[in-house]
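Chemist: Please find one structure pasted underneath; my questions will follow.
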Amino acid sequence: MSKKASIGVTGLAVMGRNLARNLARHGHTVALHNRSEERTRSLVEQFGDEGDFIPAYSAQEFVDALERPRQIVIMVKAGGPTDAVIEEFAPLLEPGDVIVDAGNAHFADTRRREKALRERGLHFVGTGVSGGEEGALNGPSIMPGGSKESYESLGPLFEDISAKVDGEPCCTHIGADGAGHFVKMVHNGIEYADMQLIAESFDLLRGAAGYAPAEIADVFRTWNTGRLDSYLIEITADVLKHVDAATGKPFVDVVEDAAEQKGTGRWTVQIGLDLGVPISGIAEAVFARSLSGSKPLRSAAQGLGGPSRAPLTGAALETFADDVEQALYASKVVAYAQGFNQIQAGASEYGWDIDLGRVASIWRGGCIIRAKFLNDITAAYADEPGLPTLLTSGGFRKAVEDAQDSWRSVVSTAVKLGIPTPGFSTALAYYDGLRADRLPAALVQGQRDYFGAHTYRRVDREGSFHTAWATEDRTESPS
Ligand SMILES: NC(=O)c1ccc[n+]([C@@H]2O[C@H](COP(=O)([O-])OP(=O)(O)OC[C@H]3O[C@@H](n4cnc5c(N)ncnc54)[C@H](OP(=O)(O)O)[C@@H]3O)[C@@H](O)[C@H]2O)c1
Numbered sequence: 163m164s165k166k167a168s169i170g171v172t173g174l175a176v177m178g179r180n181l182a183r184n185l186a187r188h189g190h191t192v193a194l195h196n197r198s199e200e201r202t203r204s205l206v207e208q209f210g211d212e213g214d215f216i217p218a219y220s221a222q223e224f225v226d227a228l229e230r231p232r233q234i235v236i237m238v239k240a241g242g243p244t245d246a247v248i249e250e251f252a253p254l255l256e257p258g259d260v261i262v263d264a265g266n267a268h269f270a271d272t273r274r275r276e277k278a279l280r281e282r283g284l285h286f287v288g289t290g291v292s293g294g295e296e297g298a299l300n301g302p303s304i305m306p307g308g309s310k311e312s313y314e315s316l317g318p319l320f321e322d323i324s325a326k327v328d329g330e331p332c333c334t335h336i337g338a339d340g341a342g343h344f345v346k347m348v349h350n351g352i353e354y355a356d357m358q359l360i361a362e363s364f365d366l367l368r369g370a371a372g373y374a375p376a377e378i379a380d381v382f383r384t385w386n387t388g389r390l391d392s393y394l395i396e397i398t399a400d401v402l403k404h405v406d407a408a409t410g411k412p413f414v415d416v417v418e419d420a421a422e423q424k425g426t427g428r429w430t431v432q433i434g435l436d437l438g439v440p441i442s443g444i445a446e447a448v449f450a451r452s453l454s455g456s457k458p459l460r461s462a463a464q465g466l467g468g469p470s471r472a473p474l475t476g477a478a479l480e481t482f483a484d485d486v487e488q489a490l491y492a493s494k495v496v497a498y499a500q501g502f503n504q505i506q507a508g509a510s511e512y513g514w515d516i517d518l519g520r521v522a523s524i525w526r527g528g529c530i531i532r533a534k535f536l537n538d539i540t541a542a543y544a545d546e547p548g549l550p551t552l553l554t555s556g557g558f559r560k561a562v563e564d565a566q567d568s569w570r571s572v573v574s575t576a577v578k579l580g581i582p583t584p585g586f587s588t589a590l591a592y593y594d595g596l597r598a599d600r601l602p603a604a605l606v607q608g609q610r611d612y613f614g615a616h617t618y619r620r621v622d623r624e625g626s627f628h629t630a631w632a633t634e635d636r637t638e639s640p641s
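The numbering used here numbers the first residue of the sequence shown as 163 and each following residue consecutively.
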């Protein structure tokens, strides 16, 4: 009997091809399949010597090449194509076989697919994969959902090919059905927020302190040796140092300032709204991209009045880069705190048992938001598993309190000079909102009761109340 594959990959565009090569390089025999045969052939031709591949040119051939229980990784365009591929393979599989969707699916689709396939006796594992094509080849961060049982066979393979940090694999079973894709979605939302905060830091250093892009690159390189040490800071320094060959200008000045998006940031915000979780840092980052891309609106607004932009001088200039570092750090803590609260809320809504410290730990390698900082998040949840927000954990609390004078000063400088800092500003507003003893929400409740008889609760008595606002004496009654 010919040798069988321990896993198969269908969908051999850039991600699937690299994931298949990564598996083969780790000694696993990999069955290969793609809708159009050319991709399968070219993978074997170019990289066949990297390991054991079994190319298959029909769905049946692919399924027959796999040892049982069969494990099929689907890596195709998310949405309809994923459903089409599932329907192609599911009828050929037997109870206990595992279908993995490693594409960027919406977690609600993953929940739907998992339920439907479970009823057919199959395991469906929606898996978040982060790290782009480079990660897929050399070690991504992997976030599998689905049943615990499926992780028993799949987990060792995925842990094997994932990134490693301090010897630990950047892969863990996240939780049932759509938990993996949910966590990947929030990862991407946090990535949006992190990128926006870094971009605002650049804008401030240039607009308020007059630094050139190459000088700002040096500032980021210095920051990358401290608590902000991360992949995103590292690549930002490289991008800022880069000079456009055609014009001799800084690369950042020849790129159109309209940030694009593929949709996972938008999903994160939509789900944040559905769950009632204030993820304002992520939302502002998504909106900032939308604003940047609103070219007609921006053209119409050119010339609207603003303050004069006299750059900083003297002591304010001297400390500004350090102040921005503090503001960036504090705002970043807020963005991550909000993202982890969203995961908590998703877990409680959908009944997932998610280990938040472990999530932080598998994001330390392979993925776009990999950073030293994530160690501190893991430690925070280890110290206090029921932590309500990262902001109240010992280390973060002190660091943010220590940063707040600089943070406030940077935000007020931005406001005075008319430099837009939606990320920094919303993070600070969230921090102040969260720590406030009383919020003006009491007045909002009064307004709601006034126009809509929506009732309110009192601070001194149980129950709901309504005031008869239209009457002379405005009597209050329980409702
Ligand atoms: N690119 C990244 O950095 C990245 C990172 C993480 C996750 N992802 C996710 O990974 C998945 C794959 O990404 P990708 O960039 O490698 O590829 P992609 O461009 O999203 O998709 C191309 C692949 O999908 C197949 N396909 C499309 N429609 C199909 C259908 N109706 N039936 C069967 N196969 C179909 C294509 O087959 P043909 O060759 O026959 O056209 C090809 O193999 C996506 O869900 C993506 O969102 C991507």
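Don't be surprised by glycine CBs; every beta carbon is placed ideally from N, CA and C.
Here the structure is a predicted model, which is why all the values come from computation and not from measurement.
#1: Cβ of Arg-183 within 6 Å of any heavy atom in ligand 2?
#2: To the nearest angstrom, report how far apart Gly-468 and Asn-196 are at their CA atoms.
#3: Can you determine whether any heavy atom of ligand 1 sits closer than 6 Å to the C-beta of Asn-180, and answer yes or no?
#4: To which residues does DSSP link Cys-332 through a beta bridge?
#5: If I follow the unbroken alpha helix (DSSP H) through Pro-458, where does it start and stop?
#6: From this set, Leu-590, His-628 and Asp-356, which residue's C-alpha is nearest Glu-137's C-alpha?
#7: Opposite Met-305 in the DSSP bridges: which residues?
#8: In angstroms, rounded to a whole number, what distance separates the CA positions of Lys-534 and Arg-389?
#9: Tell me the DSSP secondary structure of Pro-473 in three-state form.
#10: Along the chain, which unbroken stretches of the alpha helix (DSSP H) at least 4 residues long are found entirely within the region 492 to 544?
#11: Is the beta carbon of Pro-306 closer than 7 Å to that of Gly-342?
#12: Once the 5 residues before and after Glu-638 are set aside, which same chain residues still bring their CB inside 6 Å of it?
#13: For a test of the three-state rule: what should DSSP assign to Leu-255, helix, strand or coil?
#14: Under the DSSP definition of a beta bridge, which residues are partnered with Ala-646?
#15: In chain order, what residues of the same chain lie with their CB nearer than 6 Å to the CB of Arg-379, ignoring the 5 residues before and after it?
#16: Thinking C-alpha only, which one of Ile-261, Leu-174 and Asn-184 is nearest Glu-200?
#17: Our contact map puts Ala-167 next to Glu-229 with C-beta atoms below 8 Å; I'd like the distance itself, whole angstroms only.
#18: The beta strand (DSSP E) spanning Gly-170 covers which residue range?
#19: Residues bridged to Lys-346 by DSSP?
#20: With the cut-off set at 7 Å, would you say Ile-216 and His-190 are in Cβ contact?
#21: Flag Ala-175 as yes when its Cβ comes closer than 6 Å to any non-hydrogen atom of ligand 1, and as no otherwise.
#22: Run the proximity test for Lys-560: is its beta-carbon closer than 6 Å to any non-hydrogen atom belonging to ligand 1?
#23: What would DSSP say about Asp-419, mapped onto helix, strand or coil?
#24: State the start and end residues of the unbroken beta strand (DSSP E) segment that holds Ser-626.
#25: Let me check you understand the geometry: is the CB of Ser-303 closer than 6 Å to at least one non-hydrogen atom of ligand 1?
#26: Is it right to say Glu-624 is buried, meaning 16 or more other beta carbons lie within 10 angstroms of its own, or is it exposed?
#27: Can you check whether the CB of Val-495 is closer than 7 Å to the CB of Tyr-354?
#28: Checking 7 Å against the spacing of the C-beta atoms, do Ala-186 and Gly-213 come in under that value?
Modeler: If we stick to the structure as given:
#1: Only ligand 1 can be found as ligands here, which leaves ligand 2 out of the picture.
#2: 55 Å
#3: no
#4: DSSP, once it has assigned bridges, lists no residue as partnering Cys-332.
#5: 457 to 463
#6: Outside the shown range of the chain, which is 163 to 641, sits residue 137, and nothing can be said about it.
#7: Gly-290
#8: 7 Å
#9: coil
#10: 518 to 524
#11: yes
#12: Phe-627 and Thr-629
#13: coil
#14: The requested residue 646 is not part of the displayed model; the chain covers only 163 to 641.
#15: Strictly speaking, residue 379 in this sequence is Ala, with Arg absent from that position. The answer, listed in chain order, is Ala-399, Leu-402 and Lys-403.
#16: Leu-174
#17: 7 Å
#18: 169 to 172
#19: According to DSSP, which records beta bridges pairwise, Lys-346 is partnered with nothing at all.
#20: no
#21: yes
#22: no
#23: coil
#24: 626 to 629
#25: no
#26: exposed
#27: no
#28: yes
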